[in-house]
Every structure is written in C-alpha cells, then in structure tokens.
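Enquirer: Under this note's numbering, the residue at position 301 of the sequence shown is numbered 430, and the numbers go up by one with no gaps.
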Amino acid sequence: MRRSIRRQLALTFIGLMALTVALSLLINNLFLEKFYIADKTKVIRNAFEVIAQAANQDNYTSEAFVEELNRVCTVSNVTVCVMDSNAQMRYESANGGRELEQDLYRYLFGQKEIPGQTMEETSEYVIEMVNQGRGESLIMFGRLSDGVSIIMRTPIESIRESVAVANRFFLYTGVLCALIGAVIFWLTAGKISRPIKKLSDISEQMVRLQFEAKYDGKEKNEIGMLGSNINKLSESLEKAIAELKTANNELMKDIEKKEQIDEMRREFLANVSHELKTPIALIQGYAEGLSEGVSDDPESRAFYCEVIMDEARKMHNMVQKLMSLNQIESGSEVVNLERFDLTEMMGTFLTSARMLADQNDMEVIMNDYEPCYVWGDRMIVEEVLTNYFSNAVHHCSGEKKIVLKIEKHDSVARVSVFNTGEAIPEESLPHPGEKFYKVDKARTREYGGSGIGLSIVKALMESLHQGYGVENYQNGVRFWFELEQCEY
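#1: Alpha carbon to alpha carbon, how far is D383 from Y597?
#2: Going along the chain, which unbroken runs of the alpha helix (DSSP H) with 4 or more residues stay wholly within the segment 506 to 544?
#3: Assuming the contact rule is C-beta atoms closer than 8 Å, N516 and A552 should be a hit. Round their C-beta distance to whole Å, please.
#4: If I measure Cβ to Cβ from V179 and keep anything under 7 Å in the same chain, skipping five residues before and after, which residues do I get?
#5: So, are the CB atoms of R272 and T208 less than 7 Å apart?
#6: With 16 other CB atoms within 10 Å as the buried threshold, where does M354 fall?
#7: So what does DSSP say about G144, is it helix, strand or coil?
#8: According to DSSP, L612 sits in a beta bridge with which residue or residues?
#9: I'd like the list of long-range same chain contacts for Y576, defined as Cβ closer than 7 Å, with 5 residues on each side in sequence excluded.
#10: If S545 sits next to K534, beta carbons under 8 Å apart, how far is it from one beta carbon to the other, in whole angstroms?
#11: Using only the alpha-carbon positions, how far apart do F547 and M508 sit?
#12: Could you compute how far the alpha carbon of I331 sits from the alpha carbon of V586?
#13: For N206 and P284, I'd like the C-alpha separation in whole angstroms.
#14: On the DSSP bridge list, what partners appear for S332?
#15: In this structure, does DSSP put P427 in helix, strand or coil?
#16: Could I get the ranges of all uninterrupted alpha helix (DSSP H) runs contained in the segment 196 to 228, with 4 residues as the minimum, in chain order?
#17: So, helix, strand or coil for S274, using DSSP?
#18: List the endpoints of the continuous alpha helix (DSSP H) containing M474.
#19: Per DSSP, what are the beta-bridge partners of Y602 in this structure?
#20: Taking one C-beta from the segment 300 to 314 and one from the segment 143 to 157 each time, how about it: are there three or more such pairs within less than 8 Å?
#21: Taking 8 Å as the threshold, find out whether the segment 316 to 333 comes into contact with the segment 355 to 367 through three or more Cβ pairs.
#22: I need the straight-line Cα distance from K386 to L593, nearest angstrom please.
#23: Can you tell me whether S191 is helix, strand or coil according to DSSP?
#24: Report yes if the CB atom of F270 is closer than 7 Å to the CB atom of A139, and no otherwise.
#25: For the segment 289 to 297 against the segment 242 to 260, are there 3 or more C-beta pairs whose distance is under 8 Å?
#26: Which runs of the alpha helix (DSSP H) fall wholly inside the segment 289 to 348 and span at least 4 residues, in chain order?
#27: I need the straight-line Cα distance from E428 to P554, nearest angstrom please.
#28: Between which two residues does the beta strand (DSSP E) holding N595 run?
#29: According to the Cβ coordinates, are V503 and C615 closer than 7 Å?
#30: Determine the DSSP secondary structure at Y502, reduced to helix, strand or coil.
#31: Whose C-beta lies closer than 6 Å to the C-beta of F142 among residues of the same chain, with five residues either side of it excluded?
#32: Confirm, please, whether the CB-CB distance from D232 to I280 is below 7 Å.
#33: Which residues bound the beta strand (DSSP E) around I285?
#34: Are the CB atoms of S365 and F340 within a distance shorter than 7 Å?
#35: Could you please give the first and the last residue of the uninterrupted alpha helix (DSSP H) stretch that includes I173?
#36: Per DSSP, what kind of secondary structure is M438 in: helix, strand or coil?
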C-alpha cells in the first residue's frame, strides 16, 4: 500500500510541533530561572553605575539624579539606599529604602543576620542571594572610593512560581497552537499533495503506455514545471513508441519478405534443378548411347540426335525465359508507354498466331472491333498476349476453340483469351504466375512447358501497374489483362 504524502507531511509537522513544545518546556525549566536572576543582577548593576556616576560628580541632590534613580526603582522593582562618607543618607527610594538603612549598617560592620549566596563580587560591590523570611532577594552592597555606601535589593521570590505558571501556560497554548496548525497544515498539505497525486496517476498511465491523460495544473512553482515536463515526456514517449512500432512493423515485413525471398530462392533452385534434371539425363543417356554405338542404324542415330537437340532446345528456351523474367523483375528493362491501337495490334498478332492454331486443329475466333486506343508498351503487351495464346493452345481440348475478346470497362480495356477444355482446380487458381508452377505436370512435360510463361505475364503486367487474372468457366478457362484507355 502506498503511503499518502499528505499524511506523511501532516505527521511530520505534528511531530515537529510536539518536539518544539517539549524542547521549549525543557529549556524553560532548566534556564528560565537562571536567566531571570541574571537579568535582575544586570538591573541592579546598572543602578549601581548610575549611583557611582552621580557620586563622582557629587550630584546626589540634583533633580536629574533623583528622577533617574526613581525611574529605575519603579520600573525594575529595585529598593535603594545611599549613604555618604559622613553617615548621612543621600537617597532612599520610596518603595522601602528606609528599611534598608539598618541592613546597610549591618553590612558596614559585618553583622549580617542571614548569610547569603554570593552571586557576583568585585572590588566595589558584592551581590548575594539571601532569604530574609519575605522570600528570596538579590542584595547588592557597594562602597565607592570616596566613602559613599550603597545597598540595593530586588525580590526574586516569585521566579519559581512564575516559571511553573509560564510552563503550564506555554504547554496549553503550545498544544492548542499545534492542533490548530495541524488542521491548517492538513488542509494546506491537501492542496499541495493533490497535484502530486494527479502527477502520480498520470505516471502510472504512462507505465501502461496510455498517454491520453495530461496534467492541466496552472501552478507557477516546481510542481507546475514537473507537470509540464511530464506532458512533454508523455508526448515524446508516445511519438517514440509510435515510431518504434512503425519500425518494428517494417522490420517484421522485411523479415517476412526475406523469409519469402529465401523460400523462393530455395524453391527456385529446386525447380530449376528438377526442370533441368530430365533433359540433362536424356541428353546424357542418348549421347552415351551414340558414343558406345548402341545402334548402327542410321535412323536410330538420327532419332538419338533429334532427342538430344530437342531437349537442348527446351533447356535453351527455359534459360532464355528465366533471363527475360529476371530482367523484368529486376526493373532493368525500361517501360516505354505509348498510345497505340489495341484492335490493330491484336489483328496483326492473330495473323501469325493462326498458323500455330491450325497446326493443332484449333479454331481461333475474334470478332471485328472498332479501333481501341490504349496506353502501354506495345512490345510488353504483345509478349503477354503471346504467352496467353501459347498457354491456351497447349491446354485447349474439347471443342478446341480459342476466343479473343476486347471489352471496355469504364476507363480500361480488357483483353481476354479463352480456350475450351478442363477448368483449373480451385486450389490452383491463386498459383498461376508462380515460377515453375504447373497444374498438370505430365501434360506440361509433353509440350515442353517450363511453368515460366505466366510468371513472365505477372512480372510484365506489374511493370505496367495494370490488372490481370484468370477465370474458370464450365467449358474452359479465360485469362485476361487490362490496359488504360486513351480518350483521344
């Protein structure tokens, strides 16, 4: 459990107040009486100096001397009696000076009734504390060089009682003041601790990475500065954490991308190895057969050579396509956008493409379209169309029809190549475009396909930043791509 700073401050204040009261009472008990006696001693010493000065100037009878001595006696409660060298009384204070005359004689002749405690003694005077039945008093007896004798008395009998009363009064007032001070301090401490508590709550939210709360205090002191700095710290932490999350997200993407690249690299190497293994094995086998003279028949040797050349051609085509794909994906080939007539380009392409279809007894259908101008790289578009058409020829079956279409959708023109035959399995639809992916590996092997053609299409269309895709129909498959139309 956390301890309230308000309670700690209040308890500290009350403890200090209690300690102050107790220490004051102790000091009063130990030193107040001594201080009082020392003060009284100083009073009669000062009075002695006044009388000594008057004696030096022989001013006993002057009004100024009498007035000054009367003031000292009245204010400081001092009784004074002064006698000259002829035993004549020069001054007797009105508050009992005549009573001291007998005591003065007894001091002069060494006949003191009650011995006293000597408090101070010099060559001119002696100060004693005596108890004459009327309570304790300080008595000074002095004798000047010209024979003037002085006796003074000041009572101190009530000092101890006064100290006790003062201590009791101080205790009551001290406790009362401490209680009042504690209440005032409790209220004041609440005002001080409230913003500190608020800052503590804000810091707890910051620990939980919640930076919405802000300190809105208007104090001009250190607490206000602390609140302002915490607000700045909160903003800085929020910004730093956001940047860190962004960097972490990018790092995760980079790691994922690296993993994908590593996986693609491993897959690529495995696929290349697989694709090259069969033709290399065939070439090696037939070459060894020719070398060892397995057959002397000219037709067999010609067949062996034809197989070797056919497999070498397939390897060459695959390597060429891989090099072409690598150039496209690396972005080393420049895309030259131009305005051209898509209808005219497809008509020209179809003239040469029909020969391939006729060789395979396939029907190629394309309606007559009005001119359709688009933006694109003509060579790239022809390459995409060639790959789509070649793919359609190799997978065409059933009615053996290939249909080419141009469709306009808003600001794009869509070119599609449809071929009758078996549909692509649903689980394989996302994969065309991946390197070396083959839906039917046995059939692909028959016509020497490498699985790279559609990968080239994907890379080419991405270089143009245009859409492409594949769709299944009941009687066949349609591949399509889009180009931006030109309005003029």
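Every residue, glycine too, gets a C-beta built ideally from N, C-alpha and C.
Expert: Working from what's here:
#1: Residue numbering aside, residue 383 sits at position 254 when the sequence shown is read from its first letter. Residue numbering aside, residue 597 sits at position 468 when the sequence shown is read from its first letter. So the two alpha carbons sit approximately 26 Å from each other.
#2: 507 to 524
#3: As a first step, residue 516 must be located in the sequence shown, where it is residue number 387. As a first step, residue 552 must be located in the sequence shown, where it is residue number 423. N516 to A552, Cβ: 20 Å. No contact.
#4: Stepping through the sequence shown from its first residue, residue 179 is reached at position 50. Excluding sequence neighbours, V179 sits near E197, L198, V201.
#5: Against the sequence shown, residue 272 aligns to sequence position 143. Against the sequence shown, residue 208 aligns to sequence position 79. No.
#6: Along the sequence shown, one-based indexing puts residue 354 at 225. Exposed: under 16 other Cβ atoms inside 10 Å.
#7: On the sequence shown, position 15 is the one that residue 144 refers to. Residue state, collapsed to three classes: helix.
#8: Locating residue 612 in the sequence shown gives position 483, counting from the first residue. Partner(s): A542.
#9: Here residue 576 refers to the residue found at position 447 when the sequence shown is read from its first residue. For Y576, the predicted structure reports a pLDDT of 41, less than 50, and the residue's modelled location is therefore unreliable. The matter cannot be settled from this model.
#10: Along the sequence shown, read from residue 1 onward, the residue named residue 545 stands at position 416. Along the sequence shown, read from residue 1 onward, the residue named residue 534 stands at position 405. Their Cβ separation, rounded to whole angstroms, is 5 Å, which keeps S545 and K534 in contact under 8 Å.
#11: The residue labelled residue 547 in the question sits at position 418 within the sequence shown. The residue labelled residue 508 in the question sits at position 379 within the sequence shown. Straight-line Cα distance between these residues: approximately 22 Å.
#12: Within the sequence shown, residue 331 is the residue found at index 202, counting from 1. Within the sequence shown, residue 586 is the residue found at index 457, counting from 1. Those two C-alpha atoms are separated by around 57 Å.
#13: Counted from its first residue, the sequence shown places residue 206 at position 77. Counted from its first residue, the sequence shown places residue 284 at position 155. Computed Cα separation, rounded: 8 Å.
#14: Sequence index remark: in the sequence shown, residue 332 carries index 203 (1-based). Paired residues: none, contrary to the question.
#15: Taking the sequence shown and counting its residues from 1, one reaches residue 427 at position 298. Residue state, collapsed to three classes: helix.
#16: none
#17: Position 145 of the sequence shown holds residue 274. Reduced to three states, the DSSP call for S274 is coil.
#18: By one-based count along the sequence shown, residue 474 stands at place 345. Unbroken alpha helix (DSSP H) run through M474: 471 to 488.
#19: To locate residue 602, count along the sequence shown from 1; it is residue 473. Bridge partners of Y602: G605.
#20: yes
#21: yes
#22: Along the sequence shown, one-based indexing puts residue 386 at 257. Along the sequence shown, one-based indexing puts residue 593 at 464. Near 22 Å, if we compare the C-alpha coordinates of L593 and K386.
#23: Here the question's residue 191 lines up with position 62 in the sequence shown. Three-state DSSP puts S191 in coil, outside helix and strand.
#24: Locating residue 270 in the sequence shown gives position 141, where the first residue counts as 1. Locating residue 139 in the sequence shown gives position 10, where the first residue counts as 1. No. Outside cutoff.
#25: no
#26: none
#27: On the sequence shown, residue 428 is found 299 positions in, with the first residue counted as 1. On the sequence shown, residue 554 is found 425 positions in, with the first residue counted as 1. Roughly 42 Å separates the two Cα atoms.
#28: Taking the first residue of the sequence shown as position 1, residue 595 is located at position 466. In the sequence as displayed, the identity of residue 595 is Gln instead of Asn. Element bounds for Q595: n/a, residue is neither H nor E.
#29: Against the sequence shown, residue 503 aligns to sequence position 374. Against the sequence shown, residue 615 aligns to sequence position 486. Result yes, Cβ atoms of V503 and C615 sit closer than 7 Å.
#30: In the sequence shown, the residue the question calls residue 502 occupies position 373. In this structure, Y502 counts as strand in the three-state DSSP scheme.
#31: As a position in the sequence shown, residue 142 is number 13, starting the count at 1. The residues are F314.
#32: Here residue 280 corresponds to residue number 151 of the sequence shown, with the count starting at 1. Here residue 232 corresponds to residue number 103 of the sequence shown, with the count starting at 1. In contact: I280 and D232 (Cβ atoms closer than 7 Å).
#33: Translated into the one-based positions of the sequence shown, residue 285 becomes position 156. Here I285 belongs to no beta strand (DSSP E), and DSSP marks it neither H nor E.
#34: The residue given as residue 340 occupies position 211 in the sequence shown. The residue given as residue 365 occupies position 236 in the sequence shown. In this structure, S365 does not lie closer than 7 Å to F340 by Cβ.
#35: The sequence position of residue 173 within the sequence shown is 44, counting from 1. Where I173 is concerned, the enclosing alpha helix (DSSP H) stretches over 162 to 186.
#36: As a position in the sequence shown, residue 438 is number 309, starting the count at 1. It is helical.
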